[in-house]
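Enquirer: Residue numbers (this note's numbering), protein chains in the order written: chain A, 1259 to 1546; chain B, 212 to 714.
Next comes the structure, spelled out in structure tokens:
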């Protein structure tokens, strides 16, 4: 081999190019860098052969290992299901009360319920089930459709005003919007409801509204306004207000008759998950 | 043929000058010393010569002990009863436990690991301040495995001269056979190294059967493969380059070592001026170093100890053995190279008496910290609770107002039983507020309530605390959850608050 030109000062090889006596150093790449570089090339070729790599007109090259991340996920999900199978089977067999009284099963159901709650319920009811305007708080003792384990399980399964044929169903009429009552009458009813919850109200209006309430509201809310869980009719004498406690809120509700929708989860979540959810929601504090 | 090997061979073939009567001068070159390392220059292979002597013996023993610990510890059994694994040392990642003989550590107690790391670091500081780079020279895995790999190389290819000649010789069947034998032996050791590592993370006999049957988890094979690769390349191929270029510890040690720390030292006061010794020449008015270069030939780091303390020197003391051997043969006292301090060498050069100063501010400081941390650790382990409690207060919502104006707070309690038997714990609540307590699953309870927790398990319990309207005081009241075992030998109190929502 012919000798490579060497720069005297640095002792490094030069490219041999010479511009008015100035030479360009040809500093070699570090050996480790070259080794890694070539190793990467070898790795890449192996990868093309073993793994999915090249897009084709219809599909792609699958590689010798026929690897697919989708299959991995499916396998992982199945493995998880298998790992849970024994406990899930216990959940299937046990009644809700039995789940609650068996510490081991309770812990499992609570974990599953908490996770399912976060995925499915939290968007409306809040991450801790604290509720919001129009969405019931699940921590307190106020229940529209009942707070026993079975009631909660049924509500979750069929939903409220949902697409299920067995849905829990009720409809507060829009007394103002649909012109069932006159605006003045609605004003009087508002005072009446405020009066029912033990707050100071205009006595004249309350007196005027007594018959209106008996004719239009008592069928669902009861003669004393204590509500009726058959129809999901709220108790008007307590201090819990789904659509707000103020006069404007109550007036608005009588006028427009808001009614929220809770989806049906039967068929979407497994019966075991719904059981776990019932136990979890029951444990938030208000369970009866 | 490799250019570097050719240079080494040329050096070897040059008729060696005699350093003294009966002592041939080695042409070993300190190719890895800072002065001889050039940029852009490929590594010059080092062929350390096998030496015999006290330090070589110590290094064999240390190698046997350290490798023995590493390979055998996972196989030690330790009876922990029916609810825990029977492996003395086990990092059980799947079940989140660390077992070390009689110690069991849960993830919540990671501070023990912190303490252990502090202990290790301070011990290293103390040892380094006293005796220099003992760690590097004797016990660092890089040193131990490289030493083992060089020993294997020596067994198969022969000592220094034979290895240089073999490297320079053309590829004959014999050379190929030797090379295959050497690399196979290295790979075997490397695989065994990775193979031992995985046994620390699961039951060793079970995993060994699975590995043999090919049914072990993929991660076990991958770990063995990775560690085999690093062991083979770091111990077999890269060797001294790891210490010189990759390891931060030599740089850190520069701050740990002072002129009173022991280190492998060429006693220049005795050795200089050096030079070959002719028969009959008097030893007066000249140094004892006959410049035979045996210290360089023995050095696995490829340096010359006579250049003084340097970053590349791992203080393995093999040059001491090499030099002592020569000194014995020329009837001079041993110890031209030995463990000494820079300040002693300087003192003797000035004609002052030399003395070792082991008690210095920094060694006192390190020893104090060491004793202190060890005492704290021992106290912590001795008084370690087998009962523990975590309280997570509901924050969303913070409180719930009930129809009658009472206020309810929810708490999620983690009851931990770190003992090897199921136990009944008693939960009580202390604080200024009269209250009603419900435990999910048990309903309304009177305190203290009995809760059974399985052996070595955590039980999660949800507790609801309700305070009546007329008992509420202020916005936030301190309350305390108190957990104790049946005999009240162990208790754990956790402070938290009850929030009423009042301003």
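For every residue, glycine included, the Cβ atom is placed at its ideal position computed from N, Cα and C.
Give the single residue among 521/B, 632/B, 606/B, 635/B whose Cα lies nearest to the Cα of residue 622/B.
Expert: 606/B
Enquirer: Determine, for residue 441/B, whether the minimum Cβ-Cβ distance to residues of chain A falls below 8 Å.
Expert: Interface criterion not met: the Cβ of residue 441/B is under 8 Å from no Cβ in chain A.
Enquirer: So which residues of chain D does residue 1400/A contact, with C-beta pairs closer than 8 Å?
Expert: The structure shown contains no chain D; its protein chains are A and B.
Enquirer: Using a C-beta to C-beta distance shorter than 8 Å, which residues of chain A count as neighbours of residue 670/B?
Expert: 1361, 1365
Enquirer: From residue 1458/A to residue 1509/A, what distance separates their C-alpha atoms?
Expert: Between the alpha carbons of residue 1458/A and residue 1509/A lies a distance of about 16 Å.
Enquirer: Cβ of residue 445/B versus every heavy atom of the ligand SAM: is any distance shorter than 7 Å?
Expert: Ligands are entirely absent from the displayed structure, and the ligand SAM is therefore not among its contents.
Enquirer: Ordered along the chain, which non-local residues of its own chain (more than five positions away) have a Cβ less than 6 Å from that of residue 1398/A?
Expert: 1544
Enquirer: For the segment 1373-1389 of chain A, list every residue whose C-beta sits within 9 Å of some C-beta in chain B, in sequence order.
Expert: Cβ contacts with chain B come from 1384, 1385, 1386, 1387, 1388, 1389.
Enquirer: Beta carbon of residue 1264/A, beta carbon of residue 1273/A: below 8 Å?
Expert: no
Enquirer: For residue 1304/A, name the three-state secondary structure that DSSP assigns.
Expert: helix
Enquirer: Taking 8 Å as the cut-off, decide whether the C-beta atoms of residue 547/B and residue 527/B are in contact.
Expert: No, these two residues do not count as a Cβ contact at 8 Å.
Enquirer: By a C-beta neighbour count over all protein chains shown, 10 Å radius and 16 as the cutoff for buried, is residue 405/B buried or exposed?
Expert: buried
Enquirer: State the CB to CB distance for the pair residue 1416/A and residue 1490/A, rounded to an integer number of angstroms; the pair is presumed to be in contact (CB under 8 Å).
Expert: Between residue 1490/A and residue 1416/A the Cβ distance is about 12 Å, and since that is not below 8 Å, they are no contact.
Enquirer: Need the endpoints of the alpha helix (DSSP H) that residue 211/B sits in, please.
Expert: In this structure chain B extends from 212 to 714, so residue 211/B is not present and cannot be described.
Enquirer: Under 8 Å between the Cβ atoms of residue 476/B and residue 537/B?
Expert: no
Enquirer: Under three-state DSSP, which class holds residue 1425/A?
Expert: coil
Enquirer: Along chain A, in chain order, which residues have C-beta atoms closer than 7 Å to that of residue 303/B?
Expert: Correct list: empty, because the minimum Cβ distance to chain A is about 18 Å.
Enquirer: Using a Cβ-Cβ cut-off of 8 Å, state whether residue 611/B counts as contacting chain A.
Expert: yes
Enquirer: Could I get the ranges of all uninterrupted beta strand (DSSP E) runs contained in the segment 1260-1285 of chain A, with 3 residues as the minimum, in chain order?
Expert: You should have 1272-1277, 1280-1283.
Enquirer: Using only the alpha-carbon positions, how far apart do residue 303/B and residue 295/B sit?
Expert: 10 Å
Enquirer: On the premise that residue 1366/A lies in contact with residue 1538/A, defined as a C-beta separation below 8 Å, what is that separation, rounded to the nearest angstrom?
Expert: At roughly 11 Å, the Cβ-Cβ gap does not stay under 8 Å, so residue 1538/A and residue 1366/A are not in contact.
Enquirer: Is there at least one Cβ from chain B nearer than 8 Å to residue 1358/A's Cβ?
Expert: At a cut-off of 8 Å between beta-carbon atoms, residue 1358/A makes contact with chain B.
Enquirer: When the Cα atoms are used, what is the spatial distance from residue 301/B to residue 667/B?
Expert: Going by the C-alpha atoms only, they are around 16 Å apart.
Enquirer: Relative to chain A, which residues along the segment 665-691 of chain B have a C-beta separation below 7 Å, given in chain order?
Expert: 670, 671, 673, 675
Enquirer: Strictly by DSSP, which residues pair up with residue 625/B?
Expert: Looking at the DSSP output, residue 625/B shares a beta bridge with 601/B, 671/B.
Enquirer: With the cut-off set at 8 Å, would you say residue 706/B and residue 644/B are in Cβ contact?
Expert: no
Enquirer: DSSP state of residue 470/B, grouped into three classes?
Expert: coil
Enquirer: Please list, in chain order, all residues of the same chain as residue 669/B whose beta carbon is under 6 Å from its beta carbon, the five residues on each side excluded.
Expert: Closer than 6 Å at the Cβ level, and outside the excluded window around residue 669/B, lie 625, 627.
Enquirer: Please list the partners that residue 1541/A has in chain B, where partner means a Cβ-to-Cβ separation under 7 Å.
Expert: 651, 673
Enquirer: Give me the residue from 1351/A, 1517/A, 1267/A, 1308/A with the minimum Cα distance to residue 1550/A.
Expert: What the structure shows of chain A is the stretch from 1259 to 1546, and residue 1550/A is not part of that stretch, so it cannot be assessed.
Enquirer: Which residue's Cα is closest to the Cα of residue 714/B: 704/B, 687/B, 691/B?
Expert: 687/B
Enquirer: What residue from 443/B, 435/B, 664/B has the CA that sits closest to residue 634/B's CA?
Expert: Looking from the CA of residue 634/B, the closest CA among 443/B, 435/B, 664/B belongs to 664/B.
Enquirer: Leaving out five residues on either side along the sequence, give the residues of the same chain with a beta carbon under 6 Å from the beta carbon of residue 345/B.
Expert: Non-local beta-carbon contacts of residue 345/B in its own chain, meaning distances under 6 Å to residues more than five positions away in sequence, involve 338 in chain order.
Enquirer: If you scan the segment 393-457 of chain B from start to end, which runs of the beta strand (DSSP E) of 3 or more residues do you find wholly inside it?
Expert: Counting only runs of 3 or more, we get nothing.
Enquirer: State yes or no: is the beta carbon of residue 1289/A nearer than 8 Å to at least one beta carbon in chain B?
Expert: yes
Enquirer: Do residue 1476/A and residue 1446/A have their C-beta atoms closer together than 8 Å?
Expert: no
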